[in-house]
Structure formats: C-alpha cells, structure tokens
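In the working numbering, the protein residues as written are 155 to 341.
C-beta: ideal position from N, C-alpha, C; glycine also.
A quick write-up on the structure given underneath.
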C-alpha cells in the first residue's frame, strides 16, 4: 500500500483512467475533483470568450485546458480557460506547458473547495508557472480579480474590480472587459 503524496506521473495515470464525468486536478500536492460547471458558469465563460474573440482574434481562449502548473511543472490544473496564440495547443496532449500562454482563467463554482483552490492555490500555482495573467471571475463576491506580474512564485499585482466596471487586462493580454453583463449572473 502506498503512503504519501502522488508524483505527477502517478496523478496523470489516475486522471487518464478517471471517467469523462470526473475532472481531476493536482494542485499544491493534493488531488482535487473539479466541479462540473452550471449554466451561469458556462454563460460567464461564453461572455468572456466573445470579448476575447472580438478584441483579440489572434488569440484562442481554450476551455477546460489542462496546464502544467506550479514551480517546476509539479502541479496539474484544469483551467476554465487558457488564453494563447491561435493554434498554440494543437500539438499538446491533455496537459500543456504554460510557455507562450498569456492568461489562465477561473470562474468560481459553488463548492466547498473553491475558496482554497481558486483564491489561494491557483494564484500560487499559476504564478509559479510564470503565467503572465490570472483572471478570477468570482461569483461569490461579484468581483473580477486580475493577478499579474509573476515573480518568485507570487503575483506582484492583484486588483479586484466589482462587476459593472471596465476591467483592463494588462500586457501581454491587452483586452478591456466590460463587466456590466456579469451582474445578471449574480446569485
């Protein structure tokens, strides 16, 4: 019987063997089951996708993309969205290296782990992987939080905006989000 944390290779085997209805992540040394998105979650993602496509047609916002996160690629996160140049992921398997990507996106779900996972572990994991921008669309607080300037495993900037205001996403993303529409998705 095995004791202690899994290594990345063992996690990938476990994730590959899991049924399609189960989405696993390996964040901060823990295996977590990611909640299936509800209708509001999906609508928020589609809102963001339209804004990205309109302002930056040279980029793809890939849904549900697996990313090698954390320092030294020791974690595996399944982003709600991963922004990169068009066709950036064409040769990738289930888990993509963060090199050349611009932004990771998470939309909070109503589950017991969202606070720790989306607000604590993922900013550390994405900064550790040097992903330039982490966008957190927080349904619990009706805010949009923009993390940027990763350095030494932490984002140096984290700015929170209430839904309804214009949100600038810094370089290299260079998109401005009109978040007025998000108010309709408040719970």
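Rounded straight-line distance, which links the Cα of residue j to that of residue i
{"i": "residue 313", "j": "residue 240", "result": "27 angstroms"}
{"i": "residue 191", "j": "residue 197", "result": "10 angstroms"}
{"i": "residue 311", "j": "residue 244", "result": "31 angstroms"}
{"i": "residue 253", "j": "residue 221", "result": "10 angstroms"}
{"i": "residue 242", "j": "residue 293", "result": "29 angstroms"}
{"i": "residue 246", "j": "residue 219", "result": "10 angstroms"}
{"i": "residue 258", "j": "residue 216", "result": "10 angstroms"}
{"i": "residue 284", "j": "residue 230", "result": "14 angstroms"}
{"i": "residue 155", "j": "residue 161", "result": "Unreliable positioning characterises residue 155 in this predicted model, as indicated by a pLDDT of 46, which lies under 50. The coordinate reading is nonetheless provided below. Approximately 15 angstroms between the Cα atoms of the pair."}
{"i": "residue 132", "j": "residue 336", "result": "This structure cannot settle anything about residue 132, because the visible part of the chain is limited to 155 through 341."}
{"i": "residue 262", "j": "residue 317", "result": "14 angstroms"}
{"i": "residue 193", "j": "residue 167", "result": "30 angstroms"}
Those residues which DSSP pairs with residue i across a bridge
{"i": "residue 215", "result": "237"}
{"i": "residue 323", "result": "329"}
{"i": "residue 299", "result": "290, 314"}
{"i": "residue 304", "result": "309"}
Supposed close pair residue i, residue j - CB separation, criterion 8 angstroms
{"i": "residue 286", "j": "residue 326", "result": "6 angstroms"}
Identity of the residue in the options nearest residue i by Cα
{"i": "residue 212", "options": "194, 237, 272, 248", "result": "237"}
{"i": "residue 234", "options": "274, 265, 184, 291", "result": "291"}
{"i": "residue 315", "options": "309, 304, 300, 307", "result": "300"}
{"i": "residue 260", "options": "334, 209, 200, 330", "result": "200"}
Run of the beta strand (DSSP E) containing residue i, from where it starts to where it stops
{"i": "residue 290", "result": "287–292"}
{"i": "residue 231", "result": "229–232"}
{"i": "residue 259", "result": "257–261"}
{"i": "residue 222", "result": "220–223"}
Range of the contiguous alpha helix (DSSP H) that encloses residue i
{"i": "residue 284", "result": "Segment: none, residue 284 is in no alpha helix (DSSP H) and carries neither H nor E."}
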